[in-house]
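This is the structure in structure tokens:
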């Protein structure tokens, strides 16, 4: 597996230019230069910046006046404080990961796909001159596993568009099932030697998303600790949020959820990355702010140990708010220790 130099450890800026009402007031105030300086002080080497297409485009596909200013400002701040950037398209015209049921047409709609490629043509023209400092993640969390072949084709066509403007920039590609690590095997062989394979990890979901209002079946008073026996996690998850969200812990009764669990969980993807000699990057991982801080710290220690042993690059979700904020009050008691295990 290749090293992902310059993108080893990072922090997401979730909720700034994506997953929020994108008013001028919000975009002008949620992240400022002092935030990037604070992130640099944690000794990470990059940020992951999720953006929605609507930050820079009108609904008809025309550019918004000053639409790029927040990305430009963030990139300038990052370079000032020695950080690189993964530019992540979190929402495309016609596709968003958390409304996948209404977005299936994207994978068969040529007009939407053409617009998607045109957007990446614009982004790569603007930022393709900085291959050491900015990587491109072409789409966040494809959900439906049935579109894997269509997605592979769309991704390859998009890479070809980007390569006309950015021949040396890193491009990140993830699989289906919300970019699960088990979907890395679905990805085509890398198009060229500047491709990184991407996944997200919030396992066990019953712990990392406890009391999350958006998880079906979860209640706002649900509590669970870490670590526990994987069989116990599975049994509780099936009763609470259902088989779909519990399956990854099935069959491990009598085995604690620890570093070895994460190593087993990542191993197939690591082998694939080794086969193709591509970097492996976990673009999101983290624990909700309803969890006990001590359990959160234990979880971070375990997943960090697996990342380090395999050489997996990563970016934690998320810097502030968004129910996962590293700098928020809930984790103040463990913050200094927690950032050692990013």
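Residue numbers (the numbering used here): 676 to 1017. Built from N, CA and C at the ideal position, the CB exists for glycine as well.
Q) Taking Cβ to Cβ, would you say residue 874 is nearer than 9 Å to residue 956? A) Looking up residue 874 in the chain shown gives position 199. Looking up residue 956 in the chain shown gives position 281. It is a contact, given that the beta carbons lie within the stated cut-off.
Q: May I have the straight-line CA-CA distance separating residue 742 from residue 731, to the nearest angstrom?
A: Along the chain shown, read from residue 1 onward, the residue named residue 742 stands at position 67. Along the chain shown, read from residue 1 onward, the residue named residue 731 stands at position 56. Counting only the Cα atoms, residue 731 lies some 4 Å from residue 742.
Q) Hey, which unbroken runs of the alpha helix (DSSP H) at 4 residues or more fall wholly within the stretch 733–765? A) DSSP runs (the alpha helix (DSSP H)) wholly in the stretch 733–765: 744–755.
**Q.** For residue 695 and residue 948, the rounded distance between their alpha carbons
**A.** Numbered from its first residue, the chain shown carries residue 948 at position 273. Numbered from its first residue, the chain shown carries residue 695 at position 20. Cα to Cα, residue 948 sits roughly 34 Å from residue 695.
Q | Bridge partners - residue 955, DSSP secondary structure assignment | A | Working through the chain shown from its first residue, we reach residue 955 at position 280. Among the bridge pairs identified by DSSP, residue 955 is matched with 872.
(Q) Assuming residue 829 is part of the alpha helix (DSSP H), what are its boundary residues? (A) By one-based count along the chain shown, residue 829 stands at place 154. Residue range 823–840 is occupied by the alpha helix (DSSP H) that includes residue 829.
Q. Is it a yes or a no for the stretch 797–813 touching the stretch 841–860, going by three-plus beta-carbon pairs under 8 Å?
A. Under the three-pair Cβ rule at 8 Å, the stretch 797–813 counts as touching the stretch 841–860.
Q: Return the CA-CA distance between residue 774 and residue 889, expressed in angstroms with no decimal places.
A: For the purposes of this step, residue 774 is identified with residue 99 of the chain shown, where counting begins at 1. For the purposes of this step, residue 889 is identified with residue 214 of the chain shown, where counting begins at 1. Rounded to the nearest whole angstrom, the CA to CA distance from residue 774 to residue 889 is 12 Å.
Q. Residue 687: beta carbon under 8 Å from a heavy atom of the ligand GTP?
A. By its list of ligands, the structure shown contains no ligand whatsoever, and the ligand GTP lies outside what it can speak to.
Q) So residue 758 and residue 726 are in contact, right, with Cβ under 8 Å, and what is the actual spacing, rounded? A) Stepping through the chain shown from its first residue, residue 758 is reached at position 83. Stepping through the chain shown from its first residue, residue 726 is reached at position 51. Their Cβ separation, rounded to whole angstroms, is 17 Å, which puts residue 758 and residue 726 out of contact at 8 Å.
Q) residue 701 to residue 904, Cα distance in whole Å? A) Locating residue 701 in the chain shown gives position 26, counting from the first residue. Locating residue 904 in the chain shown gives position 229, counting from the first residue. Going from the Cα of residue 701 to the Cα of residue 904 covers about 42 Å.
Q | Local conformation of residue 968 per DSSP, three classes | A | Position 293 of the chain shown holds residue 968. Helix at residue 968.
Q.
Suppose the cutoff is 7 Å on Cβ atoms and the five residues either side in sequence are ignored; what does the same chain contact list for residue 911 look like?
A. Position 236 of the chain shown holds residue 911. Cβ neighbours of residue 911 beyond the five flanking positions: 881, 899.
Q. From what residue to what residue does the alpha helix (DSSP H) around residue 912 run?
A. For the purposes of this step, residue 912 is taken as the residue at position 237 of the chain shown. Segment 905–915, the alpha helix (DSSP H) holding residue 912.
Q: Could you spell out where the beta strand (DSSP E) holding residue 687 opens and where it closes?
A: Taking the chain shown and counting its residues from 1, the one referred to as residue 687 is at position 12. Its beta strand (DSSP E) spans residues 684–687.
Q: Going by CA-CA distance only, name the one from 985, 916, 861 that's closest to residue 885.
A: The residue given as residue 885 occupies position 210 in the chain shown. Nearest of 985, 916, 861 to residue 885, Cα basis: 916.
Q) Nearest-angstrom Cα distance between residue 692 and residue 929? A) Indexing the chain shown from 1 puts residue 692 at position 17. Indexing the chain shown from 1 puts residue 929 at position 254. Taking the straight line joining both Cα atoms gives about 43 Å.
**Q.** Buried or exposed (CB count within 10 angstroms, at least 16 for buried), residue 723
**A.** The residue labelled residue 723 in the question sits at position 48 within the chain shown. Label assigned to residue 723: buried.
Q) For residue 655, which three-state DSSP category applies? A) An answer regarding residue 655 cannot be provided, because it is not within the stretch 676 to 1017 covered by the chain.
Q | Spatial distance of residue 860 from residue 830 (CA atoms) | A | As a working note, residue 860 is residue 185 in the chain shown. As a working note, residue 830 is residue 155 in the chain shown. Taking the straight line from one Cα to the other gives about 15 Å.
**Q.** Of the listed residues 833, 852, 858, 883, nearest to residue 866 (C-alpha basis)
**A.** Within the chain shown, numbered from 1, the residue matching residue 866 stands at position 191. Per the Cα distances, 833.
**Q.** Touch test, the stretch 950–966 against the stretch 845–865, Cβ-Cβ under 8 Å, three pairs minimum
**A.** These segments touch.
Q | the stretch 970–986 / the stretch 699–715 touching (three or more Cβ pairs under 8 Å) | A | Contact fails: fewer than three Cβ-Cβ distances are below 8 Å.
Q.
Between residue 685 and residue 721, how many whole angstroms is the CB-CB distance? I'm expecting something under 8 Å.
A. Position 10 of the chain shown, counted from the start, is the residue given in the question as residue 685. Position 46 of the chain shown, counted from the start, is the residue given in the question as residue 721. Going by Cβ atoms, the distance from residue 685 to residue 721 rounds to 4 Å, so yes, they are a contact pair.
Q. Helix or strand or just coil, what does DSSP make of residue 901?
A. The residue labelled residue 901 in the question sits at position 226 within the chain shown. DSSP places residue 901 in coil when its eight states are reduced to three.
(Q) Which of the three DSSP states is assigned to residue 810 in this structure? (A) Position 135 of the chain shown, counted from the first residue, corresponds to residue 810. Secondary structure of residue 810 (DSSP, three-state): strand.
Q. Which residues does DSSP pair with residue 770 in a beta bridge?
A. Numbered from 1 along the chain shown, position 95 holds the residue referred to as residue 770. For residue 770, which the question treats as bridged, DSSP gives the partners 767.
Q: Ignore the nearest five residues each way along the sequence and tell me which others in residue 877's own chain have a CB closer than 6 Å to its CB.
A: Numbered from 1 along the chain shown, position 202 holds the residue referred to as residue 877. Here the set comprises 883.
Q. Taking DSSP as the reference, what is the three-state secondary structure of residue 817?
A. The residue labelled residue 817 in the question sits at position 142 within the chain shown. Coil.
Q: Using alpha carbons as the reference points, say which of 786, 976, 682, 776 lies closest to residue 821.
A: Locating residue 821 in the chain shown gives position 146, where the first residue counts as 1. Comparing alpha carbon positions, the residue from 786, 976, 682, 776 closest to residue 821 is 776.
Q | Range covered by the beta strand (DSSP E) that runs through residue 721 | A | Working through the chain shown from its first residue, we reach residue 721 at position 46. For residue 721, the enclosing beta strand (DSSP E) begins and ends at 721–727.
Q | Nonlocal neighbours in the same chain, by C-beta distance under 8 Å from residue 813, ignoring five residues either side | A | Within the chain shown, the letter at position 138 stands for residue 813. Hits under 8 Å: 764, 795, 830, 833, 834, 837, 846, 847, 848.
Q) Residue range of the alpha helix (DSSP H) that residue 801 falls in? A) The residue you call residue 801 lines up with position 126 of the chain shown. Segment 785–802, the alpha helix (DSSP H) holding residue 801.
Q) What distance in whole Å lies between the Cβ atoms of residue 990 and residue 679, which are believed to be in contact at a cut-off of 8 Å? A) As a position in the chain shown, residue 679 is number 4, starting the count at 1. As a position in the chain shown, residue 990 is number 315, starting the count at 1. Not confirmed; about 11 Å, so no contact.
Q: With DSSP as the reference, label residue 1001 as helix, strand or coil.
A: The count along the chain shown starts at 1 and reaches residue 1001 at position 326. In the structure shown, residue 1001 sits in coil (DSSP, three-state: anything other than H, G, I, E or B).
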